[in-house]
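I have placed the structure first, in the form of structure tokens, so that the comments after it can refer back to it.
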Amino acid sequence: MGGQAAGPVPMEGHDFALWEKRIDALMVLCGQKGLFTVDGLRRALEDMGEDAFEKYSYYERWIAAVNQNLLEAGVYSLEELAARMDAVAARGPTYAEAQDG
Amino acid sequence: MAERVRVKALTPPGHVRAPWYLRGKVGVIERPLGAFRNPEQLAYGLPAEEKPLFRVRFSMRDIWGEAAENPDDTLDAELYAHWLEKVDHHAS
Amino acid sequence: MPHDHHDHDHFHHEGMSPSGHPYRTDNDGPLTYWQRMEIAVRELLLEKGHLTPTEIAAQIEAMDARSPANGAAVVARAWVDPDFKTRLLADASAASREMGFDIGPLHLIAVENTAQTHNLIVCTLCSCYPRNLLGLPPDWYKTREYRSRAVREPRAVLREFGLDLPDDVTVRVHDSTADMRYIVLPARPEGTEGLDEAQLASLVTRDSMIGTGLPRQP
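Chains as they are written, first to last, in the working numbering: chain A, -4 to 96; chain B, 153 to 244; chain C, 326 to 543.
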């Protein structure tokens, strides 16, 4: 995206939420343990396409990339992921209720 | 004299760390950085060989031409040796 | 649940987070698809023995403990100790470790601002940042706007940050495209001869170490 035309730099920021910090930690720890490389994460981010940048927030894109790499590494199956995401949703309507099984 | 290099103007699909806006541009080696595992292999979970990495300095004039905001400002980027080709001082 | 930040540096403001922003209440909002994915991925990693809850908590704590104050301490040391400054410019990773900062495998290069040169850091390919020294990057650093424009019109970007550089100052932009990370060593402000190292560190802002700002005046 270097060199492309774009508007003023948005200066507003936010403090990171727990789910964002957890994604950051998963990214670092899985990299340290050799489950994927940061290059693998970047590749998955790029493969999401340019419009992913507009549609999803930073850590939303990163958990998608982490998950993509873990699936490719065979750490868990798509079936396991789908079942667990379904189970998580059943725990309650907020992150606080759903965050620990 | 500083070594002049051109970033290869290649456009393969897939994960590459040479930014688009520098492809085909000429700069000078600012410093060697040592060898690092090739991200183009790491990105696909493959065993990766170590490749020499350089910091290359470009003038804004050489990147953006007439559209440069300030021609004498510079841009440094890290580029792998396999993305660089030597520029002959006697040729263009 | 409130955030678990520790009040450990001078960047903290009353009622605000260490980054100077209001605390969020995400935990009470409706569960999103991506939050479900985070929970599921984390639990699968734990169950399969790849990670432990202790490791995750320790990593979050380690990142929370990293802040621009670490970089400010390094900068202030370089301002008062010429030999340290020489070592910093030769190998910023080693110099940071020498001061006791755990920066992990970070390959850090320090670039010096002078009367003739102003340095600016960006990562156009993703969001590379000297996070193991300065903590997580500010949101603007990760935006399309900053990443697109910093390499093409850095002076216009700097004006949006309130920094209008004269034409006789050369701007050097550094695009963190591969394995190095960068920190700007800002110029020591005029009129700070009488300040000690800790007082000098308090003048060093996060933005002055990315190049989108200058140190505070005493």
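Backbone N, C-alpha and C define an ideal beta-carbon position, used for all residues, glycine too.
Keep in mind the model is a prediction, meaning the values are calculated, not measured.
With respect to chain A, the C-beta atom of B/L194 has a partner C-beta closer than 8 Å. At least one beta carbon of chain C lies nearer than 8 Å to the beta carbon of A/A84.
Taking every protein chain shown into account, the CB of A/M22 has 16 or more other CB atoms within 10 angstroms, so this residue is buried.
Contact annotation: in the segment 54 to 86 of chain A, residues whose CB is within less than 9 Å of a CB in chain B are N64, E67, A68. DSSP, reduced to helix, strand and coil, places A/V83 within a helical segment of the structure shown.
For A/D34, a Cβ of chain B is located within less than 8 Å of the residue's own Cβ. Within the segment 202 to 223 of chain B, contact with chain A at the beta-carbon level (separation under 7 Å) is assigned to no residue. In chain order, N457 place their CB closer than 7 Å to the CB of C/G429, counting only its own chain and leaving out the 5 sequence neighbours on each side. Around the CB of A/M(-4), 16 or more other CB atoms lie within 10 Å, so the residue is classed as buried. The beta-carbon of B/T226 is placed less than 8 Å from the nearest beta-carbon of chain C. Interface with chain B (8 Å Cβ-Cβ cutoff): A/R17 is excluded. Residues of the same chain with a CB within less than 6 Å of the CB of B/P184, apart from the 5 flanking positions on each side, are F206 in chain order.
Cβ-Cβ distances below 6 Å link C/V405 to E522 in the same chain, with the five nearest sequence neighbours on each side left out; the list follows chain order. DSSP places C/P355 in the strand class (E or B) of the three-state scheme. For A/K16, the closest C-alpha among the options C/D408, C/T442, C/L461, C/M424 is that of C/L461.
A direct Cα-Cα distance of roughly 24 Å separates A/T89 from C/T377. A residue is called buried once 16 or more other Cβ atoms fall within 10 Å of its Cβ, and A/K50, having fewer, is exposed.
With contacts defined as CB atoms closer than 8 Å, C/L539 and C/V498 fail to qualify as a contacting pair.
Among the CB atoms of chain A, one or more fall inside 8 Å of the CB of B/Y173. Look at C/F409 here: in three-state DSSP terms it is helix. Here B/P165 is exposed. Its C-beta has fewer than 16 other C-beta atoms within 10 Å. In this structure the segment 172 to 187 of chain B touches the segment 202 to 216 of chain B; the number of beta carbon pairs closer than 8 Å is three or more.
One thing to note: C/V447 has its Cβ within 8 Å of the Cβ of C/A475. DSSP, read as helix, strand or coil, puts B/V178 in strand. Given a length threshold of 3 residues, each whole run of the beta strand (DSSP E) inside the segment 375 to 445 of chain C is given here in chain order: 433 to 437. Cβ-Cβ separation between C/V496 and C/V400: approximately 20 Å, too far for a contact (criterion under 8 Å).
Residue contact with chain C for A/A39: absent (no Cβ-Cβ distance below 8 Å to any residue of chain C).
Contact with chain B is absent for A/G2, since none of that chain's Cβ atoms lies less than 8 Å from the residue's Cβ. About 14 Å separates the Cβ atoms of A/G8 and C/E470, ruling out a contact at the 8 Å cut-off. In this structure the segment 430 to 445 of chain C does not touch the segment 375 to 394 of chain C; the number of beta carbon pairs closer than 8 Å is below three.
Rounded to the nearest angstrom, the gap between the Cα atoms of B/E202 and A/A39 is 22 Å. Here the alpha carbons of B/E221 and C/R477 stand approximately 7 Å from one another. Comparing alpha-carbon positions, the option among B/T163, B/V180, B/H167 lying closest to B/V157 turns out to be B/V180. Contacts between B/R156 and chain C, judged by CB atoms closer than 7 Å, are missing: the closest CB pair is about 18 Å apart.
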